[in-house]
Structures are given as structure tokens and as C-alpha cells.
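Remarks on the structure that follows.
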Amino acid sequence: MAPPGFRLWPLKTEAFGNENRKCATDVLPATYHYHATPGKRAVGDPAEDVPAFLQSELSLGGLPGLLKHLWFAGAARPAMPLHLHVARGREIVVLDQMHMHLLSTNDSEGRLFVKPVPRFLLSLKFCQENLQCPPGCPCPDPPVTTTCRGIPRSVALGFLYTYACLISSKTDFHLANEKRLLPRNDHNDEPISWPSWKTLARELLHTHAHDPSIFHPRFHRAELRLSRLNTISRLITSRPYARSHHSYGNFFRHNLAWTAAATVFVALVLTAMQVGLATDRLQEDPAFQRASYGFTVFAILAPLGVFGLMVLRALFHLARDMPLLLGWGGRRKRAAAVGAAPVFDAKLTAAVTVVGKQPEP
Ligand SMILES: [Zn+2]
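In C-alpha cells:
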């Protein structure tokens with residue numbers, strides 16, 4: 120629980136100059152996508168219901184439920200500078216979803232998902248109007264009043280703090296602008312100036328050093344490994360945190376790759392056993408005979424079993440996604456539904472879906 124003194128937005132730096140004459144909602148995006156019901160995407164007007172928009176935009180998805188186990192997915196340290204990620208061969212993938220921010224994959228591409236800084240988070244006026252609690256709010260977790268902004272405020276601060284760590288030098292700053300990770304001036308499309316960024320980053324560092332408790336605990340560990348996060352989620356919720364297969368073809372390709380590697384290893388062992396059986400000493404050894412027999416049976420049955428499990432898993436996903444593909448879902452009156460999400464055939468999909476204005480997975 121954050122102390123009452125921190126119910127206000129703590130930052131004072133105005134990254135884009137004085138915006139007092141501007142309407143606070145001018146910095147919002149055109150529309151936003153959310154889940155009206157599980158599997159049913161909808162599009163809403165952010166200016167129409169700013170708290171609902173912020174709930175969706177700053178949602179961490181299923182991460183809060185996994186906080187105690189995040190030690191397995193990433194070390195408790197600040198984010199590495201952006202140029203170091205690039206130097207390590209990671210592809211920076213822009214993904215506008217808070218629950219995917221700074222998740223890395225260890226596949227052949229070595230991707231790092233990064234959410235760009237939304238324009239509204241660098242507007243002091245907007246944050247002061249929409250990310251502050253009323254006087255006396257104790258900011259309980261979970262919030263008990265609709266006016267408490269404790270959780271979204273802590274997520275916003277934690278998210279901005281990761282950027283203070285990611286963009287450390289001018290090299291990182293240029294890389295971030297190249298990837299359009301930092302917002303630009305609405306009028307002339309000019310990026311934020313380097314002196315303004317330095318002021319904001321230093322203020323974030325000082326605020327974090329003064330009281331790290333006002334930053335959401337998810338951001339105490341910056342980069343998280345998606346594969347390990349999926350393992351944690353499978354153990355706790357029986358579902359992966361985010362699916363990484365874009366299609367059935369991708370699913371089979373990925374699984375057949377490691378199956379082929381395992382088959383080569385099994386073939387090597389079988390060849391060695393065959394050579395062993397040709398020698399006089401091992402030919403008469405009953406223990407080696409038994410081991411050879413067992414491994415040969417395993418080498419015949421294991422590939423069949425693995426392929427069968429792959430097919431069953433694909434069929435399971437197809438059966439589970441069928442209601443979504445057929446459009447069997449609830450409707451929400453206020454928003455325009457844009458059709459069912461073909462989950463298995465879609466992009467990275469958060470496994471934890473909550474009804475309401477949740478972010479589009
Ligand atoms: Zn509050």
C-alpha cells in the first residue's frame with residue numbers, strides 16, 4: 120500500500136513544453152482495442168471513458184498473479200541499455216501491450232518486445248488529471264473505490280522507469296527514436312529533445328531512489344524470459360502466459376525442429392549400441408543386452424508418441440478456439456465489436472483473459 124503522501128503524480132518534468140492550453144484528452148490515441156468478453160475484441164473511444172482506457176492501456180494482464188514467482192523468469196535488476204540488447208543480437212519488436220513490455224524470447228530470432236511510450240504519459244496535465252487519487256485515498260490493493268488510481272499510477276511510473284534505464288546514453292536515445300519508441304510532437308512530428316529526456320530520466324531515477332514502493336513491483340525485474348514465464352503460468356494456471364505460435368504450421372515447424380534434433384541423438388546412441396553388440400565382450404553381457412532392447416523399443420515408440428501428442432495438442436487448441444472462430448461470444452453495447460479473435464491463429468496471445476475493458480491480447 121502506497122503512503123497517502125504519494126497519491127499525487129510525483130513527476131514535474133514537462134517533456135513537450137507547457138501544454139496547459141491543450142485539452143488533456145488531445146494526447147490520447149484515436150481508438151483502443153479491448154476485450155468486451157473473453158475472445159471478443161471491441162474498439163472504444165479513449166476520450167469517452169478515460170479510466171476504462173487507462174485500465175486497459177496500463178493492464179499487466181496475468182503478471183500480478185505471478186509476481187511471487189518472477190524470480191524464475193528474470194533477475195531483480197534495472198533494464199539494460201537499449202544498445203546492449205541490440206549488441207547481443209536481440210531484435211527489438213515494438214508491441215503496444217503493457218503486459219508484454221520487456222519480455223524476451225530465446226528462439227532463433229532472439230526478440231525483445233518493447234512497448235513504446237504513449238504520448239499521454241509524457242503529458243503532465245493529463246497525468247495530474249487522470250493518474251492521481253482524491254485526497255485521503257489510502258490506495259488499497261486491490262482498489263475498493265472507483266476513484267483510486269494507485270495501481271495504474273504505479274504501473275505508469277514503473278514503465279517510465281524502465282525507459283530511464285533503457286535510454287541511458289545518446290546512442291540509446293537515437294536507437295529509441297529510430298524505432299519510434301518515444302512519442303513525437305503532435306504538430307511538427309519532432310522527437311523529444313535530448314535535454315528534456317535527460318531531465319525526465321534523472322527525475323525518474325531520483326523518484327525511484329527516494330521511494331521505490333510507488334513503482335509497481337513487476338518492474339523491479341525489468342527483462343523477463345517469456346519461455347520461463349510460460350512455465351510458471353502453466354504450473355499455476357495450467358495455461359501459458361502468452362502463446363508464441365502464430366499458426367498451426369508454425370506450431371508443427373517449431374516442434375518438429377526439436378523432435379528432429381532428438382532423433383539424431385537417438386540414432387547416434389543406437390549406432391553405438393549396434394557397434395557394441397558386434398564386440399565379443401558386450402555381446403555376452405546380459406545387462407547391455409537388456410539396455411539395448413529397452414532403448415530400441417523406446418526409439419521406435421517415442422517419435423510416434425511425440426507426434427501423436429503434437430496432433431492431440433493441435434486438435435485441443437482447435438476445439439477450444441472453435442467457439443471464438445464461430446463467433447459465439449457475448450456482446451457489449453457501447454463498443455463496436457470487430458469480430459472473434461482466432462486465438463491459435465493470431466499473434467502472441469495472453470492466456471489470462473479477464474472480462475471487461477482488458478487490453479487486446
Ligand atoms: Zn488511491
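Per our numbering, numbering through the sequence shown is continuous, rising by one, with the last residue being 480.
The beta carbon of each residue, even a glycine, is placed where N, CA and C say it ideally should be.
- Ranked by Cα distance from L130, the options G163, P183, K244 and S346 are led by K244.
- Where I211 is concerned, there is no enclosing alpha helix (DSSP H), although the beta strand (DSSP E) around it starts and stops at E210 to V213.
- Excluding residues up to 5 positions away in sequence, nothing lies with its Cβ nearer than 6 Å to the Cβ of V263 in the same chain.
- In the structure shown, S352 falls within a helical segment according to DSSP collapsed to helix, strand and coil.
- Ligand 1 has no heavy atom closer than 7 Å to the beta-carbon of C246.
- Placement of the Cβ of R268 at a distance of less than 7 Å from at least one heavy atom of ligand 1 is found.
- Residue pairing by DSSP places T156 opposite K159 in a beta bridge.
- For a cut-off of 8 Å, the C-beta gap from V212 to L241 is around 22 Å, too long to register as a contact.
- By alpha-carbon distance to L323, the top candidate from F278, L182, S346 and T224 is F278.
- In the DSSP assignment, R400 falls within the alpha helix (DSSP H) that extends over D399 to Q402.
- Assignment of beta-bridge partners to F232 by DSSP yields V212 and L222.
- In the DSSP assignment, A143 falls outside any alpha helix (DSSP H) and carries neither an H nor an E.
- Two segments are said to touch when three or more pairs of C-beta atoms, one from each, lie closer than 8 Å; by this definition the region 291-305 touches the region 196-208.
- Non-local C-beta neighbours of P253 in its own chain, meaning closer than 6 Å and more than five positions away in sequence, comprise T266, ordered along the chain.
- DSSP, read as helix, strand or coil, puts R362 in strand.
- Distance between R321 and H329, taken at the CA atoms: about 12 Å.
- At least one heavy atom of ligand 1 sits closer than 7 Å to the Cβ of C258.
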